[in-house]
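Chains as they are written, first to last, in this note's numbering: chain W, 8 to 472; chain L, 519 to 837. Down below is the structure, laid out as structure tokens.
Structural data, given as structure tokens:
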């Protein structure tokens, strides 16, 4: 039988899971944490504490700033020192709550014991409330608020919940480690989400390069005895962990241009999100910790780590705990080498979705000088969304936004396969991503204008009556 | 033989006549009446088709100018007043002359003033770089140095200075079409008036951060101290969001702000003599001292007057 994977495009980078045998260690607390108010997709959260306030670990310090937004909790206990803009990973200003750490006293009502709670609450609304109140967001990369995703619009039915354990990004091993160490919690989290979605089928998709994780998850599923959950081994191919790609691989359905996964009956959640859902619902523990990998090609194995960190820890602090920035590191990346963001500011702090600090050597990151496109079509072959990056590149450089939209630049998932495969070293992704942003802006403006016009027409009609 | 030739000639001649008639009537029927003045206007335009006027090209501009009731909204920045005078003459409109403009780069974050904090190795495009992150220096507002403005300029008036990493505008070539200002994602380039004999003042910084953060990022930045705002006697300085801006329509070119600026963020260009910084400073301080003394004296006088008025009032009350 052919191995299961998505149908279109994809590339096969060296997976370099060097840190996969390093067990998760708990990072000691720093003296100060800076908690960002923009840890999720959507509107930034609004702080609800004031300077000088005493906060406990797990206490709410910011509430959602809109429908698509999430609660933020204090990752430590201590005193709020300031609520002011700090520079984030990219060097842009964002409001952060600065907390001076004093001890580690947790807020009341949080179950800190290790006992496994297998009984799932019956009430759907209760589960969703817990997930929302604990500030759970998607930890697969996009940090989309989970309670919004688990509550599809009326009329749409979830047929399959896909738990994403693909971890297709090279180097990253944090998902792998939690699949080994927190296996049962992840399965229970999946069962909880399955219940919220009305008891649909649930598939845990894991790439074949992690046989131990597949075995462990399979064992946990059979031991816990939840119905309708299966573990699926997927062929190793990047970007398998992309939402639309995973749906294609598991369900053999394609999400249309501009469509949401729910339009084909799918909901995709990361394994780390599943763990966060377990902790939120069963333990009432807010999302203030996550796992991150310290890795890279210029770091010896014994210096690589998988850490359980609290949000708000400065990256520089974590790097120091791991033995400092290695000498050969030419580029520091937060996230994987394919889609991660280069760290422009090591003083930035971890957020809910932080997944790694990656040290790459000069050799691994060097960009070759750009030459002319020879129309070999490798980028089009590699694109998992079926786009033509060479064409988009030309159109973007000419600023032809209409044609860009007609050629579906807005469908680009920014996976970087085109750039990876281009023999002429054309910075395809850089240029296409910028054009995508521009086109998305135009589409949004158009939608807003249409909405305003419709409302004006409605108002005029009402005035007539 | 001869008859065949004659017949052929005759038939072709008749056919030609008939078709010519058809063509004539069709041409008459579907004739597009175009104002002949459009052609005339187009002839006097510079012909660069740069789009600086806001239209797709010189012909589109001519078309719009002819159809418009006046020339208020149509102005060719490249041709300037000379060309617009000709256009006005053709159309019989009145022309409101505009002061000649020039593109000004409002950033002085040279490699020396603004040290790099990280290395950028992505695509060489300011647009791309701006979309990615704050930039490779501590300043999130300044020039990104990838030269989108150079690429946008059709007149070869902008070039990157490799020593400073900043774009330089060649005034003699700049036509103030505004293409560079549109291309700059950080909105650093502004069209400002050329000024009398090329003399003009501007704030060479757009950083909206607060003083300490700005100072850390760049040695030549506007730190938002507001001294220039207090110094200016002509109300030409707008002070908003921690950054000063000189309104060139009000600026009297006295250069007092330039002398007082602690970081040198205010630039004076085209002046025949270098600025006597200390002299101007002394003059301003003298003036401010006098003003303070006058204010103190006025306050004293008011106090005295009030004191003098007080007993009278009391007496009135008593009475």
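Quick reminder that beta carbons are idealized off the backbone N, C-alpha and C, glycines included.
Worksheet item: Residues of chain L with a CB under 9 Å from the CB of residue 321 of chain W: which are they?
Response: Stepping through the first chain from its first residue, residue 321 of chain W is reached at position 314. The contacting residues do not exist; residue 321 of chain W stays about 16 Å from chain L at best.
Discussion item. Looking at chain W, is there any beta carbon in it that lies within less than 7 Å of the beta carbon of residue 739 of chain L?
Written reply: Locating residue 739 of chain L in the second chain gives position 221, where the first residue counts as 1. Among the residues facing chain W, residue 739 of chain L is not included, as its CB has no counterpart in that chain under 7 Å away.
Fill in: Within chain W, the residues that residue 649 of chain L reaches when beta carbons sit closer than 8 Å
On the second chain, residue 649 of chain L is found 131 positions in, with the first residue counted as 1. Near residue 649 of chain L (Cβ distances below 8 Å), the residues of chain W are 440, 441 and 444.
Item to complete: Give the straight-line distance between the Cα atoms of residue 159 of chain W and residue 454 of chain W, rounded to the nearest whole angstrom.
Response: If you number the first chain from 1, residue 159 of chain W lands on position 152. If you number the first chain from 1, residue 454 of chain W lands on position 447. Whole-angstrom Cα-Cα distance: 21 Å.
Fill in: Contact set for residue 235 of chain W: own chain, Cβ-Cβ below 8 Å, skip 5 residues either direction
The residue you call residue 235 of chain W lines up with position 228 of the first chain. Excluding sequence neighbours, residue 235 of chain W sits near 201, 206, 207, 208 and 209.
Worksheet item: Is the beta carbon of residue 295 of chain W less than 7 Å from the beta carbon of residue 317 of chain W?
Response: As a working mapping, residue 295 of chain W is identified with position 288 in the first chain. As a working mapping, residue 317 of chain W is identified with position 310 in the first chain. Here residue 295 of chain W is near residue 317 of chain W, since their CB atoms are less than 7 Å apart.
Worksheet item: Which full runs of the alpha helix (DSSP H) of 4+ residues lie inside the region 777–835 of chain L, going along the chain?
Response: As far as the region 777–835 of chain L is concerned, it has no whole alpha helix (DSSP H) run of at least 4 residues.
Discussion item. Short of 8 Å Cβ to Cβ, which residues in the region 407–439 of chain W face chain L?
Written reply: Listed by position along the chain: 434, 437 and 438.
Fill in: Assumed close pair residue 227 of chain W, residue 194 of chain W - CB separation to whole angstroms, cut-off 8 Å
Numbered from 1 along the first chain, position 220 holds the residue referred to as residue 227 of chain W. Numbered from 1 along the first chain, position 187 holds the residue referred to as residue 194 of chain W. The beta carbons of residue 227 of chain W and residue 194 of chain W sit about 5 Å from each other, so the pair counts as a contact at 8 Å.
Worksheet entry | Listed by chain order, chain L residues near residue 99 of chain W by CB distance under 9 Å | Residue mapping note: residue 99 of chain W aligns to position 92 of the first chain, counting from 1. What residue 99 of chain W touches in chain L, judged by beta-carbon distance under 9 Å, is 651, 652 and 658, going in chain order.
Item to complete: Go through its chain and collect everything with a Cβ distance to residue 691 of chain L's Cβ below 8 Å, but skip five positions before and after it.
Response: As a working note, residue 691 of chain L is residue 173 in the second chain. Hits under 8 Å: 673, 674 and 675.
Discussion item. Using 8 Å for Cβ pairs, my map puts residue 798 of chain L next to residue 774 of chain L. What's the rounded Cβ distance?
Written reply: Within the second chain, numbered from 1, the residue matching residue 798 of chain L stands at position 280. Within the second chain, numbered from 1, the residue matching residue 774 of chain L stands at position 256. Residue 798 of chain L to residue 774 of chain L, Cβ: 6 Å. Contact.
Item to complete: Report buried or exposed for residue 241 of chain W, applying the criterion of at least 16 other Cβ atoms within 10 angstroms of its Cβ.
Response: Sequence index remark: in the first chain, residue 241 of chain W carries index 234 (1-based). Within 10 angstroms of the beta-carbon of residue 241 of chain W lie 16 or more other beta-carbons, which makes it buried.
Discussion item. Determine whether the beta carbon atoms of residue 652 of chain L and residue 441 of chain W lie at a separation below 7 Å.
Written reply: Along the second chain, read from residue 1 onward, the residue named residue 652 of chain L stands at position 134. Along the first chain, read from residue 1 onward, the residue named residue 441 of chain W stands at position 434. No.
Worksheet item: What runs of the beta strand (DSSP E), each 3 residues or longer, lie entirely inside the region 123–188 of chain W?
Response: Whole beta strand (DSSP E) segments, 3+ residues: 167–172.
Discussion item. Among W/434, W/71 and W/17, whose alpha-carbon lies nearest the alpha-carbon of residue 391 of chain W?
Written reply: By one-based count along the first chain, residue 391 of chain W stands at place 384. If we check each option's Cα against that of residue 391 of chain W, W/17 comes out closest.
Worksheet item: Excluding the five sequence neighbours on either side, which residues of its own chain have a C-beta within less than 6 Å of the C-beta of residue 846 of chain L, listed in chain order?
Response: The question about residue 846 of chain L has no answer, for chain L in this structure spans 519 to 837.
Practice prompt. Count the C-beta pairs between the region 379–390 of chain W and the region 421–438 of chain W that are closer than 8 Å, then say yes if the count reaches three, no if not.
Written response: Using a C-beta cut-off of 8 Å, the region 379–390 of chain W makes contact with the region 421–438 of chain W, since at least three inter-stretch Cβ pairs fall below that distance.
Fill in: Interface residues of chain L facing residue 326 of chain W [CB-CB closer than 9 Å]
The residue given as residue 326 of chain W occupies position 319 in the first chain. Residues of chain L whose Cβ lies closer than 9 Å to the Cβ of residue 326 of chain W do not exist, since the nearest Cβ in that chain is about 15 Å away.
Worksheet entry | Proximal residues of chain W, C-beta to C-beta of residue 636 of chain L below 7 Å | On the second chain, position 118 is the one that residue 636 of chain L refers to. Those within 7 Å of residue 636 of chain L in chain W are 351.
Discussion item. Quick check: the Cα distance between residue 704 of chain L and residue 102 of chain W, rounded to an integer number of angstroms?
Written reply: For the purposes of this step, residue 704 of chain L is taken as the residue at position 186 of the second chain. For the purposes of this step, residue 102 of chain W is taken as the residue at position 95 of the first chain. The straight-line gap from Cα to Cα measures roughly 22 Å.
Practice prompt. Could you give the DSSP three-state label for residue 358 of chain W: helix, strand or coil?
Written response: Counted from its first residue, the first chain places residue 358 of chain W at position 351. DSSP, read as helix, strand or coil, puts residue 358 of chain W in coil.
Worksheet item: Since residue 451 of chain W meets chain L, which of its residues come closer than 9 Å, beta carbon to beta carbon?
Response: As a position in the first chain, residue 451 of chain W is number 444, starting the count at 1. For residue 451 of chain W, no chain L residue has a C-beta closer than 9 Å to its own C-beta; the minimum C-beta separation is roughly 15 Å.
Practice prompt. List the residues of chain L that residue 29 of chain W touches, going by C-beta distances under 8 Å, in chain order.
Written response: As a position in the first chain, residue 29 of chain W is number 22, starting the count at 1. Within chain L, no residue comes near residue 29 of chain W; the closest Cβ sits about 28 Å away, beyond 8 Å.
Fill in: Endpoints, the alpha helix (DSSP H) within which residue 399 of chain W is located
Within the first chain, the letter at position 392 stands for residue 399 of chain W. First-last of the alpha helix (DSSP H) with residue 399 of chain W: 396–405.
Item to complete: Work out the CA separation of residue 115 of chain W and residue 233 of chain W for me, nearest whole Å.
Response: Position 226 of the first chain holds residue 233 of chain W. Position 108 of the first chain holds residue 115 of chain W. Their Cα atoms are separated by approximately 31 Å.
Worksheet entry | Cβ pair residue 13 of chain W, residue 304 of chain W closer than 7 Å | Walking along the first chain from the start, residue 13 of chain W turns up at place 6. Walking along the first chain from the start, residue 304 of chain W turns up at place 297. No, the Cβ-Cβ distance between residue 13 of chain W and residue 304 of chain W is not below 7 Å.
Worksheet entry | Anticipated Cβ contact below 8 Å, residue 322 of chain W with residue 357 of chain W, distance rounded | Start at 1 with the first residue of the first chain, and residue 322 of chain W comes out as number 315. Start at 1 with the first residue of the first chain, and residue 357 of chain W comes out as number 350. Yes, residue 322 of chain W and residue 357 of chain W are in contact; Cβ-Cβ is about 7 Å, under 8 Å.
Item to complete: Mind listing the chain W neighbours of residue 645 of chain L? Cutoff is C-beta to C-beta under 8 Å, in chain order.
Response: The count along the second chain starts at 1 and reaches residue 645 of chain L at position 127. Going along chain W in sequence order, the residues near residue 645 of chain L (Cβ under 8 Å) are 441.
Item to complete: State the Cα-Cα distance for the pair residue 646 of chain L and residue 437 of chain W, rounded to the nearest angstrom.
Response: Counting from 1 along the second chain, the entry for residue 646 of chain L is found at position 128. Counting from 1 along the first chain, the entry for residue 437 of chain W is found at position 430. A direct Cα-Cα distance of roughly 6 Å separates residue 646 of chain L from residue 437 of chain W.
Worksheet item: According to DSSP, which residues form a beta bridge with residue 341 of chain W?
Response: If you number the first chain from 1, residue 341 of chain W lands on position 334. DSSP lists W/348 as partners of residue 341 of chain W.
Worksheet item: Which residues, in chain order, does the region 664–692 of chain L contribute to contact with chain W at a C-beta distance below 7 Å?
Response: Residues: none.
Worksheet item: Hey, would you say residue 263 of chain W sits closer than 7 Å to residue 239 of chain W, going by beta carbons?
Response: Within the first chain, the letter at position 256 stands for residue 263 of chain W. Within the first chain, the letter at position 232 stands for residue 239 of chain W. No.
Discussion item. On the CB-based measure, 16 or more other CB atoms within 10 Å of its CB, does residue 837 of chain L come out buried or exposed?
Written reply: As a working mapping, residue 837 of chain L is identified with position 319 in the second chain. Bear in mind that the predicted position of residue 837 of chain L carries a pLDDT of just 40, short of 50, making it unreliable; the figure below should be weighed with that in mind. Note on residue 837 of chain L: under 16 other CB atoms within 10 angstroms of its CB, so exposed under the neighbour-count rule.
Worksheet item: When the distance is taken between beta carbons, is residue 51 of chain W closer than 7 Å to residue 72 of chain W?
Response: In the first chain, counting from the first residue as 1, residue 72 of chain W sits at position 65. In the first chain, counting from the first residue as 1, residue 51 of chain W sits at position 44. In this structure, residue 72 of chain W places its C-beta atom within 7 Å of the C-beta atom of residue 51 of chain W.
Worksheet entry | Buried versus exposed call for residue 8 of chain W [16 or more other C-beta atoms within 10 Å across all chains shown] | Within the first chain, numbered from 1, the residue matching residue 8 of chain W stands at position 1. Model confidence at residue 8 of chain W stands at a pLDDT of 46, short of 50, so the residue's coordinates are unreliable; what they give is reported in the following sentence. Exposed is the call here.
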